[in-house]
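To convert, note that position 131 of the sequence shown is 215 in our numbering; the numbers rise steadily by one, no gaps.
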Amino acid sequence: KIGKNDIRLDGRYFHNSENGDALYGKIDNQSYGLMATLNRNNHTLSTGIRKNDGQSAFPTLSGYVPQPYLHAWSLLGFVKPEELTWHLLYSYNFKDLGIPGLSTTLRFLHGDHIARSGLADNTEIERSIALKYIVPQGKFKNLGLEFIHYDTDTKYGKDYNKGNSFKETRVIVSYLYKF
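Laid out in structure tokens, this is it:
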């Protein structure tokens, strides 16, 4: 903590290889990342970088998007071989404006240097905006409602041919129960 600022640095490293029956195939992947977060009053700003090394993608459960133990996890995953990802996140908590429980988050992720057979200059970009409300007190305390809009853009090869780019809006209802 420096004055009114809360500053955090978070570094992570994963070394992945096959084990047992190797049902996922040959795994050759290391992932390392560093993220810095600055929090002041109702504002949070995070930025970070993550690098995948090795000839295979970061292994995921049944091929789904990575779990939140990686920096910059998202819809696209950013887990491809040799991918270099940087990300920027800004969040605002509306409690001091008289709306406790309401927050918004803007996020940008950019991945490139992806190793794809026969294709150079591969990129992935993801932008998202989220609006979240969690009931702070009363009968419905900890009941949450969140709207997230994602806009993704993937391009592969020197001509930047479109990949599986898409837009998606999610509505999430949650409830936090403390045991």
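Here a beta-carbon is modelled for each residue, glycine too, at the ideal position from N, C-alpha and C.
Taken in chain order, no unbroken stretch of alpha helix (DSSP H) lies wholly in the region 179-254 with a span of 4 residues or more.
For Leu-122, the enclosing beta strand (DSSP E) begins and ends at 112-124. In the DSSP secondary-structure assignment, Lys-85 is not bridged to any residue. For the 9 Å CB-CB criterion, Asn-226 and Thr-238 do not form a contact. In the three-state DSSP reduction, Leu-172 falls in the strand class (E or B).
Closest by C-alpha distance to Asn-89, out of Asn-206, Phe-142, Thr-128, is Thr-128. In the DSSP assignment, Lys-135 falls within the beta strand (DSSP E) that extends over 127-137.
Contact check between the region 168-182 and the region 199-207: fewer than three CB pairs, one atom from each, fall below 8 Å, which does not count as touching.
About 19 Å separates the CB atoms of Lys-251 and Tyr-240; that is not less than 8 Å, and the two are not in contact.
Excluding its 5 nearest sequence neighbours in each direction, Arg-191 has C-beta neighbours in its own chain below 6 Å: Leu-173, Ser-212, listed in chain order.
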